[in-house]
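Asks: One structure follows; several queries about it will come next.
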Amino acid sequence: LKQAQTRFSDCIESCKAIDQKNKDKTILVPLTNSLYVPGKLANVEKVIVDVGTGYYTVEDAIKFYNTKVDFVKENLEKIQTTVAQKQGNLRSLVDVMQYKLHIQQQGQKAAAKA
Numbered sequence: 177l178k179q180a181q182t183r184f185s186d187c188i189e190s191c192k193a194i195d196q197k198n199k200d201k202t203i204l205v206p207l208t209n210s211l212y213v214p215g216k217l218a219n220v221e222k223v224i225v226d227v228g229t230g231y232y233t234v235e236d237a238i239k240f241y242n243t244k245v246d247f248v249k250e251n252l253e254k255i256q257t258t259v260a261q262k263q264g265n266l267r268s269l270v271d272v273m274q275y276k277l278h279i280q281q282q283g284q285k286a287a288a289k290a
């Protein structure tokens with residue numbers, strides 16, 4: 177989730193970098209993960225956003241990615257809380273098991289002496 181949050185934050189920074197001074201500049205447009213073609217930045221006011229599963233939309237990209245970052249951040253916080261609780265439960269369980277093992281060993285030592 178942290179990687180997704182970072183990726184969305186990078187998208188926000190990329191969108192902020194698109195302004196009037198970059199209009200008509202040559203850029204590389206990705207066609208696949210490893211194939212790019214040269215293009216010209218004609219419109220700096222609107223971008224096309226990949227919303228998943230092959231669907232794209234023209235909308236306020238910064239708002240879209242901020243929403244994504246907030247969503248991931250919320251879920252990450254929930255997961256971190258749950259993990260912390262589970263770790264606490266595990267520590268308690270290990271402590272109880274160690275205590276019971278210690279008691280059992282003491283009983284065996286006492287039985288061996290008798």
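Each residue of the sequence shown is one higher than the one before, starting from 177 at the first, in the working numbering.
For each residue, glycine too, the CB sits at the ideal point set by N, CA and C.
Would you report the Cα separation of Val270 and Ala288, rounded to the nearest angstrom?
Replies: Going from the Cα of Val270 to the Cα of Ala288 covers about 27 angstroms.
Asks: Assign Ala260 to buried or exposed, taking buried as 16 or more other Cβ atoms, counted over all protein chains shown, within 10 Å of its Cβ.
Replies: So Ala260 ends up on the exposed side.
Asks: Which value, in whole angstroms, describes the spacing of the CA atoms of Asn242 and Glu253?
Replies: Going by the C-alpha atoms only, they are around 16 angstroms apart.
Asks: So the alpha helix (DSSP H) Lys197 belongs to, where does it begin and stop?
Replies: Where Lys197 is concerned, there is no enclosing alpha helix (DSSP H), given that its DSSP letter is neither H nor E.
Asks: Would you list the one or two residues that DSSP bridges to Ile238?
Replies: DSSP output for Ile238 lists no bridge partner at all.
Asks: Nearest-angstrom Cα distance between Pro206 and Gly215?
Replies: Spanning the two alpha carbons is a distance of roughly 10 angstroms.
Asks: Is Leu277 helix, strand or coil when you go by DSSP?
Replies: Three-state result, Leu277: helix.
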